[in-house]
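In what follows, a single structure is set out as structure tokens and then discussed.
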Amino acid sequence: MSDIAATDPLPKPKRDLAPILLPVALALLMIPLIGSTSSWLTLTVASLAMGMMIFIMASGLTLVFGLMDVLNFGHGAFIAVGAYVATLVLAPFAASIQADSLWMNLAVLAPAALLSMAVSGALGLVVERVLILPVYGQHLKQILMTTGGLIVAEQTLYALWGPQIIPMPLPTSLRGSFILGDVAIAKYRVLAMLIGLAIFIAIQLVLNRSKVGLLIRAGVENREMVEALGYRIRRLFLGVFMTGSALAGLGGVMWALYREQVHASMSDDLTVLIFIVVIIGGLGSIGGCFIGAILVAMVANYGGFLVPKLALVSNILLMVAILMWRPRGLYAVTSR
Amino acid sequence: MTDLLKLSGVHTHIGRYHILQGIDLAVPQGQVTMLLGRNGAGKTTTLRTIMGLWQASKGQIILAGERIESLATPDIARRGVGYVPESMAVFSDLTVKENLVLAARDGPLDDAQLDWIFGFFPALRRFWLSRAGSLSGGQKQMLSIARAIIEPRKLLLVDEPTKGLAPAIVMALIECLKEIKRKGATILLVEQNFFAARELGDNVLVMDNGTIVHRGEMAALAADVPLQERMLGLSLEAHQ
Chain H
74 MSDIAATDPL PKPKRDLAPI LLPVALALLM IPLIGSTSSW LTLTVASLAM GMMIFIMASG
134 LTLVFGLMDV LNFGHGAFIA VGAYVATLVL APFAASIQAD SLWMNLAVLA PAALLSMAVS
194 GALGLVVERV LILPVYGQHL KQILMTTGGL IVAEQTLYAL WGPQIIPMPL PTSLRGSFIL
254 GDVAIAKYRV LAMLIGLAIF IAIQLVLNRS KVGLLIRAGV ENREMVEALG YRIRRLFLGV
314 FMTGSALAGL GGVMWALYRE QVHASMSDDL TVLIFIVVII GGLGSIGGCF IGAILVAMVA
374 NYGGFLVPKL ALVSNILLMV AILMWRPRGL YAVTSR
Chain V
137 MTDLLKLSGV HTHIGRYHIL QGIDLAVPQG QVTMLLGRNG AGKTTTLRTI MGLWQASKGQ
197 IILAGERIES LATPDIARRG VGYVPESMAV FSDLTVKENL VLAARDGPLD DAQLDWIFGF
257 FPALRRFWLS RAGSLSGGQK QMLSIARAII EPRKLLLVDE PTKGLAPAIV MALIECLKEI
317 KRKGATILLV EQNFFAAREL GDNVLVMDNG TIVHRGEMAA LAADVPLQER MLGLSLEAHQ
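Top to bottom, those sequences are chains H and V.
Following our numbering, the numbering of the first sequence begins with 74 at its first residue and continues without gaps.
Following our numbering, the numbering of the second sequence begins with 137 at its first residue and continues without gaps.
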């Protein structure tokens with residue numbers, strides 16, 4: 074035990090770089106296995122783009138898990154609702170989407186994305202107040218309530234839009250690829266990477282440079298003590314829940330454009346991936362979520378290319394491996 | 137001397153366990169009241185119930201003339217109650233500065249108050265930008281106390297601040313709490329360290345099985361070895 078007037082400075086906390094190096098090492102390891110540099114680069118860019126979209130959808134969920142210990146199995150509803158709401162803007166302005174002008178495309182895409190975020194965020198407000206508020210601290214009831222909410226949301230989308238798959242074509246200016254030598258990099262994937270990276274940086278800035286961010290980080294670690302300091306963490310949680318829902322809505326729009334289609338159960342497969350990302354990242358850790366999303370996407374893409382038969386279980390195997398290495402995820406910020 | 141805090145017939149249930157079984161106590165304004173007792177007597181539960189972290193199932197808790205037993209924890213804190221839990225509960229992912237910024241709820245950090253705190257705990261200045269998780273146990277306890285006094289509070293609830301700390305750090309903490317007391321703070325202090333209790337306490341309450349079994353002046357208990365042995369199962373002399 075050092076005494077109070079200790080003159081020796083504490084050793085600086087070691088930066089935990091191993092999780093950051095993991096996707097880099099995985100990508101490098103794949104070069105000889107894949108053989109072709111152009112295929113490797115294409116798969117890597119596809120992984121990063123997919124990883125960013127999964128990160129956008131998962132970032133809210135990890136904070137909700139970490140901050141309030143709420144198991145929201147209905148998170149996928151915000152993804153589907155976001156995608157459907159975007160069709161309300163994109164369908165009437167199909168001509169602008171098909172115009173060969175980036176600015177005209179963005180003039181429609183941006184309002185569509187913002188409306189999706191607004192509606193998903195508002196839906197988040199309703200879900201938190203109606204479904205989650207009565208079952209705080211009761212995991213089994215949370216699972217039942219949020220799963221029930223997801224089913225109701227999906228069936229409502231079927232009732233309003235019908236059971237058919239709705240096409241959502243990419244805007245003309247985002248079609249095609251950038252050609253670098255013999256490597257083709259899809260334009261939309263580059264955009265997805267940039268948006269994902271911008272959102273990651275924005276979340277990190279909020280978490281590290283603002284008092285609200287400090288409260289969220291502190292609340293993830295010990296919400297009881299945050300309350301004992303006089304902060305109403307339920308309000309904070311509501312804000313985080315709505316923001317997470319809005320981001321899931323944005324992710325839904327981006328995913329629908331990526332797949333160029335929308336359907337009510339589009340989030341079913343994604344939800345599994347998102348939960349894997351949240352778990353392997355460490356509950357409540359945005360950095361862990363970011364790396365976890367990239368890892369999951371890499372394993373899906375590289376695994377699908379190299380061993381297609383393992384594609385279905387590859388992410389489960391990844392989760393098992395990560396949890397054997399770090400049982401509380403890549404970056405453990407809660408004691409759970 | 138008026139009572140800043142008063143508990144009347146307070147019961148607390150945690151699950152099916154009946155922990156507090158009708159607590160009656162008063163904490164006079166501007167004094168340090170020690171809450172002593174064996175492990176499991178209900179001392180921590182009493183502090184947590186006052187703080188609203190566990191809801192009282194029955195009884196009244198009155199702070200400065202206002203009933204607070206049904207208020208939420210943040211509302212109790214906003215009425216001027218500072219809490220230093222037994223676990224210290226510093227936010228280990230945040231720096232020392234960030235921990236104190238959060239504790240200064242009503243505005244930016246006050247430089248004069250910070251200097252006063254640094255006077256007791258120079259280590260906090262030294263490790264201002266270090267993550268709280270990298271501090272030693274004693275330094276975490278200093279941070280935990282600093283967080284509770286970074287803004288003026290009516291009442292401080294402090295739970296075993298000397299637990300597990302080296303003697304030098306215990307002495308420093310005692311000096312700090314004495315200084316806080318000299319500034320007129322009202323403190324309800326749970327303590328197992330009888331030496332610290334004697335140094336700090338004006339009044340004493342002894343708990344056993346969820347009830348108050350003794351109340352009086354700390355000096356009287358410190359001078360009465362048979363009473364100490366009867367109430368606490370130990371004597372101050374044996375503890376020094």
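Backbone N, C-alpha and C fix where the C-beta goes; we use that ideal spot for every residue, glycine too.
Please state the DSSP three-state secondary structure of residue i.
i                   : result
phenylalanine 251/H : strand
arginine 267/V      : strand
glutamine 196/V     : strand
histidine 149/V     : strand
isoleucine 204/V    : coil
valine 285/H        : helix
alanine 394/H       : helix
glutamine 191/V     : coil
lysine 142/V        : strand
leucine 293/V       : strand
alanine 79/H        : Unreliable placement is indicated for alanine 79/H, whose pLDDT of 44 sits below 50; the coordinate value is still reported in the next sentence. Note: alanine 79/H maps to coil in three-state DSSP.
aspartate 344/V     : strand
methionine 137/V    : coil
isoleucine 181/V    : The amino acid occupying residue 181/V in the given sequence is threonine; isoleucine does not appear at that position. Helix, per DSSP.
threonine 298/V     : coil
arginine 261/V      : helix
tyrosine 375/H      : helix
alanine 131/H       : helix
glycine 402/H       : coil
arginine 262/H      : helix
asparagine 175/V    : coil
asparagine 329/V    : coil
methionine 74/H     : The pLDDT assigned to methionine 74/H is 38, lower than 50, so where the model puts this residue is not dependable; a value taken from the coordinates is nonetheless given after this. Residue state, collapsed to three classes: coil.
valine 386/H        : coil
leucine 278/H       : helix
leucine 356/H       : coil
arginine 296/H      : helix
arginine 88/H       : coil
leucine 302/H       : coil
isoleucine 291/H    : Per the sequence presented here, residue 291/H reads as alanine, with isoleucine not at that position. Looking at alanine 291/H - three-state DSSP - the assignment turns out to be helix.
valine 380/H        : coil
arginine 241/V      : coil
proline 184/H       : helix
Quick one: measure Cβ to Cβ for residue i and residue j, integer angstroms, because I've assumed they're closer than 8 angstroms.
i                   : j                   : result
phenylalanine 363/H : phenylalanine 273/H : 5 angstroms
glycine 28/H        : serine 189/H        : Within the shown structure, residues of chain H are numbered from 74 to 409, placing residue 28/H beyond reach of any answer.
isoleucine 127/H    : valine 369/H        : 6 angstroms
valine 118/H        : isoleucine 268/H    : Rounded, the Cβ-Cβ distance is 14 angstroms, inconsistent with contact.
alanine 185/H       : alanine 159/H       : 4 angstroms
Check for me: the alpha helix (DSSP H) holding residue i runs from which residue to which?
i              : result
proline 362/V  : 361–368
proline 96/H   : 91–107
arginine 318/V : 303–318
valine 226/V   : Segment: none, valine 226/V is in no alpha helix (DSSP H) and carries neither H nor E.
leucine 279/V  : 273–285
arginine 214/V : 209–214
glycine 255/V  : 247–256
For the beta strand (DSSP E) that residue i lies in, which residues bound it at each end?
i                : result
isoleucine 155/V : 153–164
tyrosine 219/V   : 217–220
threonine 322/V  : 322–326
valine 256/H     : 256–259
For residue i, list the residues DSSP reports as bridge partners.
i                : result
asparagine 339/V : Thr169/V and Glu353/V
valine 335/H     : Ile239/H
threonine 117/H  : BP columns for threonine 117/H are empty, so no partner.
threonine 231/V  : Arg267/V
Ranges of the alpha helix (DSSP H) found wholly within the stretch 186–246 of chain H, counting only runs of at least 4:
212–234
Could you tell me which uninterrupted alpha helix (DSSP H) segments, each at least 4 residues in length, are contained entirely in the stretch 305–352 of chain H, listed from first to last along the chain?
306–332
At what residue ranges does the stretch 137–179 of chain H contain a whole run of the alpha helix (DSSP H), taking only runs of 4 or more?
148–163 and 167–171
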